[in-house]
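There are 2 protein chains.
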Amino acid sequence: MEMEKNINIKSIADRLGVSTASVSNALNDKGRIGEDLKKRIIETATELNYKQNIIAKTLKIKKSWIIGVLIPEMLFEYFFQIIIGMEEIATEKDYTLVFANTHYDSEKEIKDINKFLRMLIDGLIIIGGSGEINHISKFIDNTPTVLIARHLNNDNISYPSVFYDDRAAQINAVSYLNNLGHKNIGYVGIMPAENIQITNIELRKRGYMDGLKINNLKFNSQNLFFKSSHEYVSNLDNVYDFLKNNLFIENFQQMPTAILCQNDYIAIALIKILMEKGIRVPNDVSVMGFDNLVISNYTNPALTTTKQPKKELGVVGINLLLDIIENKSVNRKKILLPTNIIERASTAKV
Amino acid sequence: MEMEKNINIKSIADRLGVSTASVSNALNDKGRIGEDLKKRIIETATELNYKQNIIAKTLKIKKSWIIGVLIPEMLFEYFFQIIIGMEEIATEKDYTLVFANTHYDSEKEIKDINKFLRMLIDGLIIIGGSGEINHISKFIDNTPTVLIARHLNNDNISYPSVFYDDRAAQINAVSYLNNLGHKNIGYVGIMPAENIQITNIELRKRGYMDGLKINNLKFNSQNLFFKSSHEYVSNLDNVYDFLKNNLFIENFQQMPTAILCQNDYIAIALIKILMEKGIRVPNDVSVMGFDNLVISNYTNPALTTTKQPKKELGVVGINLLLDIIENKSVNRKKILLPTNIIERASTAKV
DNA sequence: TTGTATGCGTTATCAA
DNA sequence: TTGATAACGCATACAA
Numbered sequence: 008m009e010m011e012k013n014i015n016i017k018s019i020a021d022r023l024g025v026s027t028a029s030v031s032n033a034l035n036d037k038g039r040i041g042e043d044l045k046k047r048i049i050e051t052a053t054e055l056n057y058k059q060n061i062i063a064k065t066l067k068i069k070k071s072w073i074i075g076v077l078i079p080e081m082l083f084e085y086f087f088q089i090i091i092g093m094e095e096i097a098t099e100k101d102y103t104l105v106f107a108n109t110h111y112d113s114e115k116e117i118k119d120i121n122k123f124l125r126m127l128i129d130g131l132i133i134i135g136g137s138g139e140i141n142h143i144s145k146f147i148d149n150t151p152t153v154l155i156a157r158h159l160n161n162d163n164i165s166y167p168s169v170f171y172d173d174r175a176a177q178i179n180a181v182s183y184l185n186n187l188g189h190k191n192i193g194y195v196g197i198m199p200a201e202n203i204q205i206t207n208i209e210l211r212k213r214g215y216m217d218g219l220k221i222n223n224l225k226f227n228s229q230n231l232f233f234k235s236s237h238e239y240v241s242n243l244d245n246v247y248d249f250l251k252n253n254l255f256i257e258n259f260q261q262m263p264t265a266i267l268c269q270n271d272y273i274a275i276a277l278i279k280i281l282m283e284k285g286i287r288v289p290n291d292v293s294v295m296g297f298d299n300l301v302i303s304n305y306t307n308p309a310l311t312t313t314k315q316p317k318k319e320l321g322v323v324g325i326n327l328l329l330d331i332i333e334n335k336s337v338n339r340k341k342i343l344l345p346t347n348i349i350e351r352a353s354t355a356k357v
Numbered sequence: 008m009e010m011e012k013n014i015n016i017k018s019i020a021d022r023l024g025v026s027t028a029s030v031s032n033a034l035n036d037k038g039r040i041g042e043d044l045k046k047r048i049i050e051t052a053t054e055l056n057y058k059q060n061i062i063a064k065t066l067k068i069k070k071s072w073i074i075g076v077l078i079p080e081m082l083f084e085y086f087f088q089i090i091i092g093m094e095e096i097a098t099e100k101d102y103t104l105v106f107a108n109t110h111y112d113s114e115k116e117i118k119d120i121n122k123f124l125r126m127l128i129d130g131l132i133i134i135g136g137s138g139e140i141n142h143i144s145k146f147i148d149n150t151p152t153v154l155i156a157r158h159l160n161n162d163n164i165s166y167p168s169v170f171y172d173d174r175a176a177q178i179n180a181v182s183y184l185n186n187l188g189h190k191n192i193g194y195v196g197i198m199p200a201e202n203i204q205i206t207n208i209e210l211r212k213r214g215y216m217d218g219l220k221i222n223n224l225k226f227n228s229q230n231l232f233f234k235s236s237h238e239y240v241s242n243l244d245n246v247y248d249f250l251k252n253n254l255f256i257e258n259f260q261q262m263p264t265a266i267l268c269q270n271d272y273i274a275i276a277l278i279k280i281l282m283e284k285g286i287r288v289p290n291d292v293s294v295m296g297f298d299n300l301v302i303s304n305y306t307n308p309a310l311t312t313t314k315q316p317k318k319e320l321g322v323v324g325i326n327l328l329l330d331i332i333e334n335k336s337v338n339r340k341k342i343l344l345p346t347n348i349i350e351r352a353s354t355a356k357v
């Protein structure tokens with residue numbers, strides 16, 4: 008096996024007896040070079056199988072074509088749909104995505120962002136997470152950043168962001184159920200861990216409460232199930248186990264005729280639990296989810312739920328970020344995406 | 008706003024009146040430096056909020072702590088479970104993953120690998136895809152590479168790899184159904200596009216055929232549904248639509264008492280289609296999947312299926328790769344992971 | 001149009 | 001133990 012020497016612009020320059028400057032100019036299609044020499048350089052480059060070293064280029068021009076993406080957990084579909092949307096656009100525009108899983112941990116967020124900055128990322132996308140932003144604002148202020156579906160506690164702080172309105176969506180859900188004739192509507196939600204606070208989850212619950220008020224339905228605290236888990240609850244199996252151990256249908260004061268859920272996983276698990284107890288959905292009780300997972304159309308009964316534009320969150324988010332990166336003017340834009348109710352078979356008139 | 012100058016090792020060196028060499032040695036905990044100076048350097052570094060530039064370091068020492076990962080499609084759960092497994096280990100060992108979606112396209116594979124190499128990745132992981140490897144072997148031979156769940160056409164070619172046996176698993180599935188008393192077993196599979204060839208899919212189908220033989224059941228070509236789609240079929244909705252338009256249950260010669268499927272999506276879609284026609288599962292026909300998606304325990308009826316160790320594929324794969332990167336000796340290892348049948352409610356005795 | 005020379009931030013060699 | 005300096009591969013300001 009022959010010793011394979013690294014081919015760089017100097018290899019090409021030497022081979023042709025020209026300067027590296029000319030090689031660089033030729034290969035990057037800058038103007039300052041003659042057509043003839045340019046052609047010879049490009050020929051030699053392909054002949055030698057030259058590959059531009061992105062790392063060196065990045066060091067020189069301070070552009071990496073890397074976008075850092077912060078995800079709070081590796082949850083199926085919800086986050087991955089967002090990522091899929093981003094990936095298509097990023098690839099198309101020759102950017103590379105790198106991910107970090109922050110586990111809803113502020114310390115980890117700081118650590119991950121620091122790592123990204125040391126990699127000279129061109130921009131940052133933060134998906135979901137807590138309502139807190141102060142601990143990372145000093146980084147964000149110096150780096151093009153877009154927030155996706157992250158609701159900040161402090162409304163005065165504003166960052167470029169793409170989001171949908173969890174609260175308004177759940178208000179709509181309550182109204183939808185009310186229109187079906189349900190006057191006694193329960194709610195099932197889970198905070199996936201005790202020490203974290205996820206604004207989206209709070210907002211969905213508040214939407215339920217406000218929805219009752221707006222529809223002139225009375226709130227009954229017995230019919231609100233909202234617990235934190237001490238162990239991390241995220242996937243369907245976890246959710247099922249948690250509800251199985253913590254939610255006692257018989258504890259509902261006056262069994263609700265409809266139960267609104269924080270998300271589809273909870274709805275799907277709840278339906279399974281109800282059916283195991285011989286409670287029929289929607290005959291005995293209507294169940295409504297939130298997220299519109301792909302699978303929710305294939306459960307039995309198919310799930311009525313609220314669809315938020317997951318993939319579009321990613322697409323719009325990355326486009327916004329790339330606009331900011333390539334043209335500083337579009338900063339501080341906030342984009343609200345719509346939600347809508349997908350009516351299926353898990354809800355019925357009463 | 009003050010002009011924020013980049014803090015580098017020279018900033019620290021200048022501040023203390025020492026050389027950059029000493030700063031580097033101190034910060035990287037190399038030996039050649041006095042304890043006293045080292046302490047002062049580290050203090051100054053934190054004081055100035057110094058962040059090491061990974062790009063410059065990578066250029067110098069030719070190590071990026073980046074692992075490139077090739078995925079053939081953004082399919083939920085199957086690939087994402089693998090990724091989740093990898094991500095945990097990679098993060099733990101301070102590596103960063105970058106992904107490329109090859110869309111089962113050889114040209115794109117070459118392009119993506121080239122991009123990775125230009126980023127000076129430390130290693131490459133290739134998940135799934137076609138049975139062909141020649142077009143990228145020249146890259147792989149010079150870069151630590153691990154194949155995950157990619158079955159090569161040519162058995163003579165050997166790369167470090169982690170996999171499970173699709174064919175053997177489907178043979179087991181046929182035997183399982185046979186033991187339930189099913190003698191007329193159908194099969195439903197889809198090749199997601201016409202011009203691509205995915206070895207795993209071929210192997211699963213072959214497992215069905217071989218399984219019949221081994222169990223002394225006769226093969227009836229009328230009961231094998233295996234079509235290519237001209238449009239890309241991957242997610243559950245696609246699969247449902249495709250089957251709805253192409254699979255006519257009544258065309259089965261002598262309706263099978265059990266139908267084995269290529270994957271869980273197909274099984275779930277098939278069950279929905281059967282139920283829409285009033286055919287009961289498992290009373291009228293048993294249906295068996297492959298993959299054991301999380302959701303498959305929550306369908307109604309819950310799905311009997313074959314579980315392959317998705318997350319473990321990722322964990323074992325990345326560990327193997329990191330071993331190769333850090334210690335060239337473990338090369339050319341092939342690791343076979345077991346599969347097992349998860350018995351649920353979609354199959355019954357006949 | 002082309003070449004010379006410098007620097008991006010780091011590590012590493014060699015000399016002091 | 002410490003410092004001066006070259007080198008990684010590239011782009012660019014400036015000179016020719």
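Residue numbers (my numbering), protein chains in the order written: chain A, 8 to 357; chain B, 8 to 357. In this text, a Cβ means the ideal position worked out from N, Cα and C, and glycines have one as well.
Look at L66(A): its C-beta is under 7 angstroms from a C-beta on chain B. S113(A) is not bridged by DSSP to any residue. Residues of chain A with a Cβ closer than 8 angstroms to the Cβ of E94(B) are, in chain order, M81, F106 and N108. Under the Cβ distance rule, K279(A) counts among the residues neighbouring chain B, one pair being separated by less than 7 angstroms. Put simply, the backbone Cα of D271(B) is about 15 angstroms away from that of V288(B).
Three or more Cβ pairs drawn from the segment 187-199 of chain A and the segment 224-231 of chain A lie within less than 8 angstroms of each other, which places the two stretches in contact. Chain-ordered listing is empty here: chain B has no CB closer than 7 angstroms to the CB of M295(A), the nearest sitting near 16 angstroms.
When only Cα atoms are considered, L329(A) and F233(B) end up about 43 angstroms apart. Note on the segment 66-100 of chain B: whole beta strand (DSSP E) runs with a minimum of 3 residues are 73-78, in chain order. If the five residues before and after G214(A) are omitted, its C-beta is found closer than 7 angstroms to the C-beta atoms of D173, R174, A175, A176, Q177 and I178, all from its own chain and listed in chain order. Judged by their CB atoms, S113(A) and H158(A) are not nearer to each other than the 7 angstroms cut-off. Cβ-Cβ distances below 6 angstroms link F123(B) to G75 in the same chain, with the five nearest sequence neighbours on each side left out; the list follows chain order. Beta-bridge annotation (DSSP): I155(B) is paired with I134(B) and V169(B). Rounded to whole angstroms, the gap between the alpha carbons of M216(B) and F297(B) is 16 angstroms. Listed by position along chain A, the residues whose Cβ is nearer than 8 angstroms to that of F87(B) are M81, F83 and F87. The DSSP-derived three-state label of Y194(A) is strand. It is roughly 37 angstroms from the alpha-carbon of K317(A) to the alpha-carbon of I342(B). Taking C-beta atoms as the reference points, I48(B) and V30(B) count as a pair closer than 7 angstroms. In the three-state scheme derived from DSSP, where H, G and I count as helix and E and B as strand, D43(A) is classed as helix.
Annotated three-state conformation of K234(B) is strand, per DSSP.
When C-beta distances to chain A are compared with 9 angstroms, the residues of the segment 125-142 of chain B below that value are R125, M126 and L127, in chain order. Three or more Cβ pairs drawn from the segment 60-72 of chain B and the segment 56-69 of chain A lie within less than 8 angstroms of each other, which places the two stretches in contact. Any Cβ of chain B closer than 7 angstroms to the Cβ of V76(A) would place that residue at the interface, and such an atom is absent. Within chain A, F83, N242, L243 and D244 have C-beta atoms less than 8 angstroms from the C-beta of V301(B), given in sequence order. Here K356(B) carries a coil assignment [DSSP, helix/strand/coil]. Within 8 angstroms of the CB of S71(A), the CB atoms of chain B belong to I62, in sequence order along the chain. Distance from the Cα of F146(B) is smallest, within the candidate group D129(B), S137(B), G136(B) and A156(B), for D129(B). When C-alpha distances from I221(B) are compared across Y247(B), L55(B) and L184(B), the shortest belongs to L184(B). When E42(B), L267(B), V323(B) and I89(B) are compared, the shortest CA-CA separation from I348(B) is found for L267(B). Residues of the same chain with a CB within less than 6 angstroms of the CB of N160(B), apart from the 5 flanking positions on each side, are G138 in chain order. Below the 9 angstroms Cβ cutoff, chain B contributes no neighbours of K340(A), its closest Cβ being approximately 21 angstroms away. Leaving aside the five residues that flank S293(B) on each side, the residues in its chain whose CB is nearer than 8 angstroms to its CB run, in chain order, L184, L187, H189, T264, A265, I266, T311, S353, T354, A355 and V357. The beta carbon of L23(B) sits closer than 7 angstroms to those of R47, I48 and T51, all from its chain and outside the five residues before and after it, given in chain order. In this structure T53(B) is exposed. Its beta-carbon is surrounded by fewer than 16 other beta-carbon atoms within 10 angstroms.
For P167(B) against K340(B), the beta-carbon gap comes to about 5 angstroms, under 8 angstroms, which counts as contact.
Under the DSSP definition of a beta bridge, T313(B) partners with I348(B).
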